[in-house]
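Residue numbers (the UniProt record's numbering): 1 to 238.
C-beta atoms are modelled at their ideal positions from N, C-alpha and C, and glycine is treated no differently.
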């Protein structure tokens with residue numbers, strides 16, 4: 001009977017998964033290291049998407065600034081052209097004003113001779129037609145350039161608007177994904193806390209069993225000592 005009863009039992013082994021825990025950087029709770037690494041990887045991916053979107057937005061803003069600079073340059077170039085056209089029109093006006101007294105003189109001379117009136121009055125109309133002919137071509141060129149610039153600016157504004165819409169949509173997606181990640185982390189935290197409580201309860205039960213076994217072993221040792229003393233006493237009497 002003494003050989004069959006063990007002197008002590010080994011301590012229970014705690015599962016390895018219970019020991020591999022990490023601390024959550026945001027809330028300070030115990031989390032699984034694999035789940036924490038996965039969450040950090042998702043956060044890094046989202047940050048990379050945000051950087052790409054900011055680069056696209058800056059490129060669009062730079063394009064709009066380039067278009068505005070081109071518009072300013074075209075306007076500054078159009079200013080001297082208009083001044084040149086006005087300067088070209090001024091001598092024609094002076095020539096017309098000089099031609100008016102000539103026509104008056106020709107009218108007085110017409111009373112003397114009809115043929116002299118025809119000779120003097122005929123050269124005036126071609127001068128006016130030649131002097132005013134370059135103005136419409138210059139204005140039409142300027143109008144075409146302005147239309148092109150307006151079209152380019154409208155395209156740039158449309159692209160910027162689309163990029164802004166994409167940025168807003170992606171920001172909404174990022175916020176929703178972040179909220180989902182937080183909810184998942186909370187669920188995982190609750191599961192881990194429940195599991196930890198269960199393991200702690202099991203540890204407490206095992207410790208209670210060990211204490212009961214140790215008490216039983218101590219009682220058995222006392223009984224052994226009493227029996228040994230009784231047996232030695234009987235042997236001496238015999």
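Judged by their CB atoms, residue 60 and residue 159 are nearer to each other than the 9 Å cut-off.
Of 34, 64, 39, the smallest CA-CA separation from residue 152 is found for 64. Inclusion of residue 143 and residue 49 in the CB contact set at 9 Å is not warranted, their separation being larger than that value. Sixteen is the threshold: when 16 or more other Cβ atoms of the shown chains lie within 10 Å of the Cβ of residue 39, as they do, the residue is buried.
Annotated as distal: residue 53 and residue 165, with beta-carbon spacing of 9 Å or more. Across the structure, residue 161 and residue 154 are spaced so that their CA atoms are roughly 10 Å apart.
Straight-line measurement puts the Cα of residue 194 at about 23 Å from the Cα of residue 209. Listed in chain order, the non-local C-beta contacts of residue 147 below 8 Å within the same chain number zero, local neighbours out to five positions each way being set aside. Looking from the CA of residue 69, the closest CA among 191, 225, 149, 163 belongs to 149.
Comparing C-alpha distances from residue 75 to each of 56, 33, 141, 55 shows the shortest one belongs to 141. Each residue's CA atom was taken as its position, placing residue 172 and residue 199 some 40 Å apart.
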